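Undergrad: Position 107 of the sequence shown, counted from 1, bears residue number 107 in UniProt numbering, the numbering being contiguous throughout.
The C-beta atom is built at its ideal place from N, Cα and C for all residues, glycine as well.
Quick caveat: nothing in here was measured; it's all calculated off a predicted structure.
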Amino acid sequence: MIIHVRDHSKEVETDEQQEARSARIRRRALLFSAACEATANAFSTARAASPTGGIQKPFCGVTGAPSWAYNTPWEERLVDFHGHKTWCRIIGKEDTGEGGFFGFFGKSTDDAARKKLPLLILHGGPGLPSRYLETLELLAGQGRQVIFYDQIGCGKSYLASDDTAPPAEEFSVDLFLDELSAVKSAVGVKRHHILGHGWGGMLALTALSRGVPEEKQAVASLSLASVPPSYRQLIQDRQRRARELPVELGNALLGDAPEELKARALDAYRRRFVTSRPDAGCLNVASAGQSAVVLTVLSGQDQFQAGGLLKDWTAADLLPSLQVPPTLVLRGEDEEFAPPAKRTLL
1 MIIHVRDHSK EVETDEQQEA RSARIRRRAL LFSAACEATA NAFSTARAAS PTGGIQKPFC
61 GVTGAPSWAY NTPWEERLVD FHGHKTWCRI IGKEDTGEGG FFGFFGKSTD DAARKKLPLL
121 ILHGGPGLPS RYLETLELLA GQGRQVIFYD QIGCGKSYLA SDDTAPPAEE FSVDLFLDEL
181 SAVKSAVGVK RHHILGHGWG GMLALTALSR GVPEEKQAVA SLSLASVPPS YRQLIQDRQR
241 RARELPVELG NALLGDAPEE LKARALDAYR RRFVTSRPDA GCLNVASAGQ SAVVLTVLSG
301 QDQFQAGGLL KDWTAADLLP SLQVPPTLVL RGEDEEFAPP AKRTLL
């Protein structure tokens with residue numbers, strides 16, 4: 001019997017291995033700092049710089065740092081788009097379907113079909129950066145690559161573009177469709193899943209209706225969270241929900257009222273039908289980077305009145321050209337949409 005002894009001391013790392021190891025070390029240092037901060041309840045935060053030149057604090061929606069994250073590679077990159085920069089965050093590596101270190105034991109011919117495809121996240125708002133969805137990074141701990149990006153004009157994409165964005169008249173649904181294609185190309189996304197929240201789900205459906213056959217076939221499944229069947233239906237549901245508030249508050253949202261009363265009414269509405277903790281965690285962090293320009297251009301001046309570029313958007317108009325992959329529709333028990341809206345999405 002011949003026993004081969006491998007001398008690790010003489011191995012030379014490739015550039016790719018060195019880069020991966022450096023990324024893991026940076027991630028561990030970042031998370032260790034965050035965990036120490038949570039334990040000490042310090043006011044100053046240990047942070048790592050992102051490619052945008054801004055500051056990134058990890059896991060704003062999670063107390064401490066999950067153990068899986070210490071060994072999960074991650075990266076941030078900037079994509080040139082429309083004279084600006086689109087910020088992307090990639091958590092984990094794409095599953096190869098090889099089953100890990102011991103994957104050669106019992107490997108079957110259809111293992112590749114069961115590999116965990118990447119998940120691409122399309123945030124809502126409009127103009128609310130992806131940070132509020134950060135807890136979806138937990139999926140990377142299960143071996144699935146998760147890809148986020150902040151749409152043009154908001155969040156870290158705005159910061160990366162030297163605090164600039166296209167003028168209001170240049171925004172269009174087509175602009176966001178082109179950006180989505182640019183991100184997929186730059187990141188190297190092939191077959192993948194999509195999760196779209198709110199406006200992000202509307203964008204995903206529109207992309208699936210307009211894309212070339214190869215782009216449509218690349219989407220393995222679609223998860224639509226809080227996506228309306230039409231924008232006008234969303235407005236009708238919001239108006240109905242507003243009337244469920246105390247009369248004074250409901251009237252303030254649907255009519256003229258002093259700014260102080262409108263603000264109090266909107267806060268009550270958000271706590272009742274949007275989130276029970278509007279000032280907590282990642283949502284609070286994301287709200288600081290929301291683009292008022294993007295929100296107004298797409299949704300209009302008043303969220304309780306149909307307006308903006310989306311005012312006539314309806315899923316029904318997309319159906320003739322829509323190639324729908326396996327789709328999961330999600331909604332909150334007490335959110336803005338009426339139950340019939342969920343049943344008539346597609």
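In terms of alpha-carbon separation, which member of GLY250, ALA286 and TYR149 lies closest to PHE273?
TA: Residue mapping note: residue 273 aligns to position 273 of the sequence shown, counting from 1. Of GLY250, ALA286 and TYR149, the residue nearest in Cα terms is GLY250.
Undergrad: For the region 257 to 308, list the alpha helix (DSSP H) runs that are entirely contained and at least 4 residues long, ordered along the chain.
TA: 259 to 273, 281 to 287 and 292 to 299
Undergrad: Quick check on DSSP: helix, strand or coil for ALA220?
TA: Position 220 of the sequence shown, counting from 1, holds the residue named residue 220. Assigned with DSSP and collapsed to three states, ALA220 falls in strand.
Undergrad: What is the residue span of the alpha helix (DSSP H) that residue 347 lies within?
TA: Outside the shown range of the chain (1 to 346) lies residue 347, about which nothing can therefore be said.
Undergrad: When we look at the beta-carbon of ASP174 and count the other beta-carbons within 10 Å, is it buried (16 or more) or exposed?
TA: Indexing the sequence shown from 1 puts residue 174 at position 174. With fewer than 16 Cβ atoms within 10 Å of its Cβ, ASP174 is classed as exposed.
Undergrad: Measure how close the beta-carbons of ALA186 and VAL79 come, nearest whole angstrom, since I'm counting them as under 8 Å.
TA: For the purposes of this step, residue 186 is identified with residue 186 of the sequence shown, where counting begins at 1. For the purposes of this step, residue 79 is identified with residue 79 of the sequence shown, where counting begins at 1. Right, the Cβ-Cβ distance comes to about 4 Å (below 8 Å), so this counts as a contact.
Undergrad: Which of the three DSSP states is assigned to ALA338 in this structure?
TA: Taking the first residue of the sequence shown as 1, we reach residue 338 at position 338. Three-state result, ALA338: coil.
Undergrad: For ILE91, which residues in the same chain have their Cβ closer than 6 Å to its Cβ, ignoring the five residues on either side in sequence?
TA: Locating residue 91 in the sequence shown gives position 91, counting from the first residue. If we look at ILE91 and ignore the five residues flanking it on each side, its Cβ neighbours are TRP74, GLU137, ALA140 and VAL146.
Undergrad: Return the chain-ordered ranges of every alpha helix (DSSP H) run that is complete within the region 125 to 191 and spans a minimum of 4 residues.
TA: 155 to 160 and 173 to 187
Undergrad: Candidates ARG89, GLY127, GLU76 and GLY97: which alpha carbon is nearest residue 418's?
TA: Since the displayed the chain opens at 1 and closes at 346, residue 418 lies outside it and no answer follows.
Undergrad: So is LEU328 buried or exposed if we call it buried at 16+ other beta carbons inside 10 Å?
TA: As a first step, residue 328 must be located in the sequence shown, where it is residue number 328. That one is exposed.
Undergrad: Would you identify the three-state DSSP class for SER230, choosing helix, strand or coil?
TA: To locate residue 230, count along the sequence shown from 1; it is residue 230. Looking at SER230 - three-state DSSP - the assignment turns out to be strand.
Undergrad: Between PHE171, GLN142 and ARG144, which lies nearest to GLY153 when the distance is taken from Cα to Cα?
TA: As a first step, residue 153 must be located in the sequence shown, where it is residue number 153. It is PHE171.
Undergrad: Among THR86, ALA268, LEU310 and LYS115, which has the Cα closest to the Cα of GLY97?
TA: The residue you call residue 97 lines up with position 97 of the sequence shown. Nearest C-alpha to GLY97: LYS115.
Undergrad: Under 8 Å: do the region 311 to 321 and the region 251 to 264 share three or more Cβ pairs, one atom per stretch?
TA: no
Undergrad: Per DSSP, which residues does TRP87 bridge with? Please list them.
TA: Here residue 87 refers to the residue found at position 87 of the sequence shown. The partner list for TRP87 (beta bridge, DSSP) reads LEU78.
Undergrad: On the DSSP bridge list, what partners appear for ALA225?
TA: In the sequence shown, residue 225 corresponds to position 225, counting from 1. Bridge partners of ALA225: HIS197 and LEU330.
Undergrad: Comparing alpha-carbon positions, which option in ALA268, LYS184 and VAL285 lies nearest VAL247?
TA: Locating residue 247 in the sequence shown gives position 247, counting from the first residue. Of ALA268, LYS184 and VAL285, the residue nearest in Cα terms is ALA268.
Undergrad: Rounded C-beta distance between LYS85 and SER181? I'm assuming under 8 Å.
TA: Position 85 of the sequence shown, counted from the first residue, corresponds to residue 85. Position 181 of the sequence shown, counted from the first residue, corresponds to residue 181. The pair is not a contact, with the Cβ atoms about 16 Å apart (cut-off 8 Å).
Undergrad: GLN142: buried (16+ other C-beta within 10 angstroms of its C-beta) or exposed?
TA: For this step, residue 142 is matched to residue 142 along the sequence shown. When all chains shown are included, GLN142 counts as exposed.
Undergrad: Going straight from the alpha carbon of PRO228 to that of GLU215, what length do you get?
TA: Within the sequence shown, residue 228 is the residue found at index 228, counting from 1. Within the sequence shown, residue 215 is the residue found at index 215, counting from 1. Computed Cα separation, rounded: 23 Å.
Undergrad: Check LEU117 in the structure and name its three-state DSSP category.
TA: For this step, residue 117 is matched to residue 117 along the sequence shown. Residue state, collapsed to three classes: coil.
Undergrad: Should ASP312 be labelled buried (16 or more other beta-carbon atoms within 10 Å of its own) or exposed?
TA: Here residue 312 refers to the residue found at position 312 of the sequence shown. Classification for ASP312: exposed.
Undergrad: In this structure, what does DSSP give as the bridge partners for THR314?
TA: Along the sequence shown, read from residue 1 onward, the residue named residue 314 stands at position 314. Beta-bridge pairing links THR314 to SER230.
Undergrad: Name, in chain order, the residues that DSSP records as bridge partners for LEU253.
TA: Mapped onto the sequence shown, residue 253 falls at position 253. In DSSP, LEU253 forms no bridge with anything.
Undergrad: Let me check understanding here. Comparing Cα to Cα, which of THR135, ASP162, GLU76 and THR72 lies closest to GLY83?
TA: The residue given as residue 83 occupies position 83 in the sequence shown. Among THR135, ASP162, GLU76 and THR72, the Cα nearest to that of GLY83 belongs to ASP162.
Undergrad: Under 8 Å: do the region 293 to 302 and the region 188 to 198 share three or more Cβ pairs, one atom per stretch?
TA: no
Undergrad: Note down the Cα distance separating PHE32 from ARG131, rounded to an integer number of angstroms.
TA: Along the sequence shown, one-based indexing puts residue 32 at 32. Along the sequence shown, one-based indexing puts residue 131 at 131. Legend: pLDDT at PHE32 = 45, less than 50; position of this residue unreliable, value from coordinates given subsequently. Looking at the two C-alpha atoms, the distance is approximately 20 Å.
Undergrad: Please report the straight-line C-alpha distance between GLU76 and LYS262, rounded to a whole angstrom.
TA: Your numbering for residue 76 matches position 76 in the sequence shown. Your numbering for residue 262 matches position 262 in the sequence shown. Distance between the alpha carbons of GLU76 and LYS262: 39 Å.
Undergrad: Classify residue 359 as helix, strand or coil using the three-state DSSP reduction.
TA: The requested residue 359 is not part of the displayed model; the chain covers only 1 to 346.
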